[in-house]
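> As given, the protein sequences belong to chains W and H, one line each in that order. Here the working numbering = 1-based position in the first sequence + 5. Here the working numbering = 1-based position in the second sequence + 11. Backbone N, C-alpha and C fix where the C-beta goes; we use that ideal spot for every residue, glycine too. Computed from a predicted structure; not experimentally measured. Pasting a structure here, questions to come.
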Amino acid sequence: EAAVTQSPRSKVAVTGGKVTLSCHQTNNHDYMYWYRQDTGHGLRLIHYSYVADSTEKGDIPDGYKASRPSQENFSLILELASLSQTAVYFCASSETGGNSDYTFGSGTRLLVI
Amino acid sequence: GDSVIQMQGQVTLSENDFLFINCTYSTTGYPTLFWYVQYSGEGPQLLLQVTTANNKGSSRGFEATYDKGTTSFHLQKTSVQEIDSAVYYCAMSGVNTGNYKYVFGAGTRLKVIA
């Protein structure tokens with residue numbers, strides 16, 4: 006079954022430390038996305054990619070980097086984690102961008118202390 | 012730019028009550044509209060997609076309609092059950108942003124009491 010798998014499921018990080026969130030999809034989709042979810046804000050787009058070795062900024066990219074080394078894998082990197090980055094992060098994939106439906110992973114709950 | 016407004020942050024209903032969630036959108040093109048549902052501990056999943064104004068989509072007892080005249084789209088269910096407790100997101104394809112992404116509403120948390 007096609008899927009989007011995120012790791013880790015949860016993580017506690019220290020302020021100023023580096024955090025890498027990983028995402029792997031078996032959907033053969035070109036588009037991949039990273040969203041963060043906060044109460045009252047819904048889902049906000051951080052970075053996305055439509056082809057391997059290329060990433061694009063979303064609506065809230067500050068403090069985050071992304072990497073797409075292959076079609077299947079997409080990582081989100083917090084070089085210097087901050088308290089404000091405590092949130093739930095979702096990875097998603099889609100076949101053709103905004104007009105197609107998204108397949109989301111189960112999320113990574115990140116707590117920065 | 013494109014935007015979606017979902018005003019109802021939380022809705023509490025009893026079983027067999029009628030559910031109605033409304034979103035309004037702003038865009039200059041012809042968007043595709045979506046409803047996603049997120050159960051506790053999971054990622055959002057597609058519930059319904061509506062691509063043509065004034066048409067309806069239906070799934071799992073839910074029905075979605077999209078009114079281009081009032082630039083609004085609705086999700087409704089005649090008789091909710093406790094298992095429908097979840098967060099519901101409306102979303103619109105980004106017509107003016109190259110269709111690369113959605114614009115999401117803020118989400119409506121539905122709690123159904125048995």
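#1: Can you tell me the Cα-Cα spacing of W:H34 and W:S98, whole angstroms?
#2: Quick one: what does DSSP say H:Q19 is sitting in, helix, strand or coil?
#3: Determine the closest residue to H:K112 out of W:L48, W:K70, W:T20 and W:L85, with distance taken between C-alpha atoms.
#4: By alpha-carbon positions, which one of W:E77, W:T20, W:I82 and W:Q30 ends up nearest to W:G41?
#5: Specify, as a first and last residue, the run of the beta strand (DSSP E) that W:G47 falls within.
#6: Any contact of the segment 82-90 of chain H with the segment 36-52 of chain H, i.e. 3+ C-beta pairs under 8 Å?
#7: Apart from the five residues on each side of it in sequence, which residues of its chain come closer than 8 Å, Cβ to Cβ, to W:A57?
#8: For W:P66 and W:S59, what's the separation of their Cα atoms in angstroms?
#9: Give me the chain W residues within the contact set of H:T76, using Cβ-Cβ distance strictly less than 7 Å, ordered along the chain.
#10: When the distance is taken between beta carbons, is H:T43 closer than 9 Å to H:Q56?
#11: What separation, rounded to the nearest whole angstrom, lies between the Cα atoms of W:V17 and W:G45?
#12: Confirm, please, whether the CB-CB distance from W:G112 to W:F95 is below 9 Å.
#13: Can you grab the Cα-Cα spacing for the pair W:S27 / W:T101, in whole Å?
#14: Can you tell me whether DSSP reads H:I124 as helix, strand or coil?
#15: State yes or no: is the beta carbon of W:D58 nearer than 9 Å to at least one beta carbon in chain H?
#16: What is the C-beta distance between H:L30 and H:V98, in whole angstroms, given that I count them as a contact (C-beta under 8 Å)?
#17: Less than 9 Å between CB atoms is the rule here; does H:K112 satisfy it with respect to chain W?
Let's see:
#1: Answer to the nearest angstrom: the Cα atoms are 6 Å apart.
#2: Here H:Q19 sits in coil by DSSP.
#3: Closest by alpha carbon: W:L48.
#4: Residue identity differs from the one stated: residue 41 of chain W is Arg in this sequence, not Gly. Closest by alpha carbon: W:I82.
#5: First-last of the beta strand (DSSP E) with W:G47: G47 to V56.
#6: Contact between the segment 82-90 of chain H and the segment 36-52 of chain H is present: three or more C-beta pairs spanning the two stretches fall below 8 Å.
#7: Here W:A57 has R73, P74, S75 and Q76 as same chain residues with Cβ atoms under 8 Å from its own Cβ, once five neighbours each way along the sequence are excluded.
#8: Using only the alpha carbons, I get a separation of about 15 Å.
#9: Within 7 Å Cβ-Cβ: nothing; H:T76 doesn't reach chain W, min ~18 Å.
#10: No; because the gap between Cβ atoms is not below 9 Å, this pair is not in contact.
#11: Distance between the alpha carbons of W:V17 and W:G45: 22 Å.
#12: Yes. Within cutoff.
#13: So the two alpha carbons sit approximately 22 Å from each other.
#14: Three-state DSSP puts H:I124 in a strand.
#15: Answer no: the Cβ-Cβ gap between W:D58 and chain H never drops below 9 Å.
#16: 13 Å between Cβ atoms; not a contact.
#17: Chain W contact via Cβ: present.
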